[in-house]
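Below is one structure, written out as structure tokens; comments come after it.
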Amino acid sequence: MIVTQIVIHDYHFVLVISFNQPTICPTASWNATGITFANNTVVSQPNNIFVDVGNAVYVSSQSLNLVQIWSAGSQTPTRNLSGNLNNPYGLFVTVNGDIYVDNGNNGQVVKWAGNTTNSIIVMNVTSTCFSLFVDINNTLYCSLENQHQVVETLLDNNSPNPNTIVAGTGSPGSTSNMLNQPQGIFVNINLDLYVADCGNDRIQLFNFGQLNGTTVPVNGPSGTITLDCPSGIILDADDYLFIVDSLNSRIIGSGPAGFRCVVGCSGNSGSASDQLNNPQSLAFDSLGNLFVVDQNNSRIQQFLLTAGPCSK
98 MIVTQIVIHD
108 YHFVLVISFN
118 QPTICPTASW
128 NATGITFANN
138 TVVSQPNNIF
148 VDVGNAVYVS
158 SQSLNLVQIW
168 SAGSQTPTRN
178 LSGNLNNPYG
188 LFVTVNGDIY
198 VDNGNNGQVV
208 KWAGNTTNSI
218 IVMNVTSTCF
228 SLFVDINNTL
238 YCSLENQHQV
248 VETLLDNNSP
258 NPNTIVAGTG
268 SPGSTSNMLN
278 QPQGIFVNIN
288 LDLYVADCGN
298 DRIQLFNFGQ
308 LNGTTVPVNG
318 PSGTITLDCP
328 SGIILDADDY
338 LFIVDSLNSR
348 IIGSGPAGFR
358 CVVGCSGNSG
368 SASDQLNNPQ
378 SLAFDSLGNL
388 FVVDQNNSRI
398 QQFLLTAGPC
408 SK
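Here the sequence shown is numbered in the numbering used here, starting from 98 and rising by one per residue.
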């Protein structure tokens, strides 16, 4: 269980975070040689990955119409979720074990509560949710890639609530209030929304309650790093960003010195153990190891942290 303590006006609040946000040393690196966690005999057209706080791994497989689950330490899937899933994309798992899955081709986001075998509809959508996210206020976010928007709905025990637009106008564009094929999303504990704005080759930050975003500068020691359809984004414990730069077939990450390539840094896409080909999403496990959906190679790659997480 990941616990974050914050202080507001001398009051201490403890937040339980559903996902892994390890503290990464500024000098940390990842082994350039990836380990294939699941290959094309197990997964097929994988889209999104989630690693929960117990290090169980969840993968949505488009062509298999299911979500595959590996218990911590398992080499083969220990559970499959299917129901009436149709080309599932986004998924998110809360700390209490609720599993949220995009079923956008059926106009839904569905939830499997705990170890139940039947899903319920928690959100109605007009197209596929490329990514899902549940924030600390139990609000569910969906990035509608084809609608050029991010929408949210408050989760409760009733029927699905109406959706609220939190980013994008519904038309593709590059102004501060517009998006173009948004894909990965991440919401921090301040309820600020980060969007991997694929069609605009940028990362947009929408501060809580704001419909105008600001572009996150992706600068390295040698200058600006050019993105090509970023598709996924996560933050570590110190709010450093890690981005799936999908059409450049690499993962880049930020630190005190700015952004640098951390995985897939050969400059070419491919299927070798140190290469990626159109990666889609990424996740940390509790130790800071990276799991990457390597879509065009139809595999899940794991890259081990070679410098251990820093202590606070």
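Beta carbons: idealized from backbone N, C-alpha and C, even for Gly. The model shown is predicted, which means the values in this text are computed figures rather than measured ones.
Status (buried if at least 16 other CB within 10 Å, exposed otherwise) for residue i
i, result
"Val140", "buried"
"Val113", "exposed"
"Leu387", "buried"
"Pro123", "exposed"
"Asn181", "exposed"
"Asp253", "exposed"
"Asp391", "buried"
"Pro259", "exposed"
"Gln377", "buried"
"Ser481", "The structure shown does not extend to residue 481, since the chain is modelled only from 98 to 409, so the question has no answer here."
"Val131", "According to the sequence as given, residue 131 is Gly; it is not Val. Looking at its Cβ environment, which holds 16 or more other Cβ atoms inside 10 Å, Gly131 is buried."
"Gln172", "exposed"
"Pro318", "exposed"
"Ala169", "exposed"
"His109", "With a pLDDT of 37 at His109, under the threshold of 50, the predicted position of this residue should be treated as unreliable, though the coordinate-derived value follows. His109 comes out exposed."
"Ala369", "exposed"
"Asn297", "buried"
"Ser351", "buried"
"Ala404", "exposed"
"Pro279", "buried"
"Ser419", "With the chain represented from 98 up to 409, any question about residue 419 goes unanswered, as that position is not in the structure."
"Ser228", "buried"
C-beta atoms of residue i and residue j nearer than 8 Å
i, j, result
"Ile348", "Gly364", "no"
"Ser328", "Ala380", "no"
"Ile145", "Leu178", "As written in the sequence, residue 145 is Asn, which differs from the Ile given in the question. Taking 8 Å as the Cβ cut-off, Asn145 and Leu178 do not qualify as a contacting pair."
"Asn221", "Gln244", "no"
"Leu237", "Tyr291", "no"
"Leu93", "Trp127", "In this structure the chain extends from 98 to 409, so residue 93 is not present and cannot be described."
"Ser240", "Ile286", "no"
"Gly150", "Ser383", "Inspection of the sequence shows that residue 150 is occupied by Val rather than by Gly. In contact: Val150 and Ser383 (Cβ atoms closer than 8 Å)."
"Arg64", "Thr311", "The chain is shown from 98 up to 409; residue 64 falls before or after that span and cannot be answered."
"Asp333", "Ile121", "yes"
"Ser343", "Cys358", "no"
"Asn284", "Asp232", "The sequence given here places Val at residue 284; Asn does not occur at that position. Their beta carbons are under 8 Å apart, which means Val284 touches Asp232 by this criterion."
Heavy atom of the ligand NAP within 7 Å of residue i beta-carbon
i, result
"Gln205", "Looking at this structure, you won't find the ligand NAP or any other ligand, since it has none at all."
Alpha-carbon spacing of residue i relative to residue j, whole angstroms
i, j, result
"Phe116", "Ala153", "11 Å"
"Pro257", "Thr250", "8 Å"
"Phe305", "Asp335", "19 Å"
"Leu163", "Asn202", "13 Å"
"Ile99", "Asn184", "Because the pLDDT of Ile99 is 47, which lies under 50, any placement of that residue in the model is unreliable, and the question is left without a value."
"Thr266", "Ser157", "28 Å"
"Asp289", "Asn309", "12 Å"
"Pro174", "Thr272", "43 Å"
"Phe230", "Pro119", "18 Å"
"Arg396", "Leu373", "10 Å"
"His106", "Asn345", "In this prediction, His106 scores a pLDDT of 39, lower than 50, which makes its location untrustworthy; the coordinate-derived value is nonetheless stated afterwards. In a straight line, the C-alpha of His106 is about 44 Å away from that of Asn345."
"Asn137", "Val341", "21 Å"
"Thr321", "Asn277", "21 Å"
"Ala354", "Ala129", "20 Å"
"Gln398", "Ala135", "7 Å"
"Ala210", "Gly194", "7 Å"
"Asn375", "Asn235", "31 Å"
"Pro143", "Thr223", "22 Å"
"Thr213", "Ile166", "14 Å"
"Ile262", "Cys226", "14 Å"
"Met275", "Val219", "26 Å"
"Asn316", "Asn394", "29 Å"
"Tyr155", "Ala264", "27 Å"
Residue i - partner residues in DSSP beta bridges
i, result
"Glu242", "BP columns for Glu242 are empty, so no partner."
"Gln398", "Thr133, Val389"
"Gln301", "Val292, Thr312"
"Pro279", "Asp294"
"Pro269", "Leu276"
"Ala264", "Val247"
"Thr403", "Beta-bridge pairing links Thr403 to no other residue."
"Thr236", "Leu251"
"Phe189", "Tyr197"
Proximity test, Cβ basis, 8 Å: residue i and chain D
i, result
"Met220", "As a matter of chain content, chain D is missing from the structure shown, which is built from one protein chain."
query = Fully enclosed by the segment 313-396, which beta strand (DSSP E) runs are 3 residues long or longer?
reply = Whole beta strand (DSSP E) segments, 3+ residues: 327-332, 338-342, 347-352, 355-360, 376-381, 387-391.
query = For the segment 104-185, which segments carrying the beta strand (DSSP E) assignment without a break, of at least 3 residues, lie completely within its bounds, in sequence order?
reply = With a minimum length of 3 residues, the continuous beta strand (DSSP E) runs that stay inside the segment 104-185 are 108-114, 132-135, 143-148, 154-158, 163-167, 176-178.
query = In chain order, which continuous runs of the beta strand (DSSP E) of length 3 or greater are located wholly inside the segment 196-222?
reply = The qualifying runs are 196-200, 205-209, 217-221.
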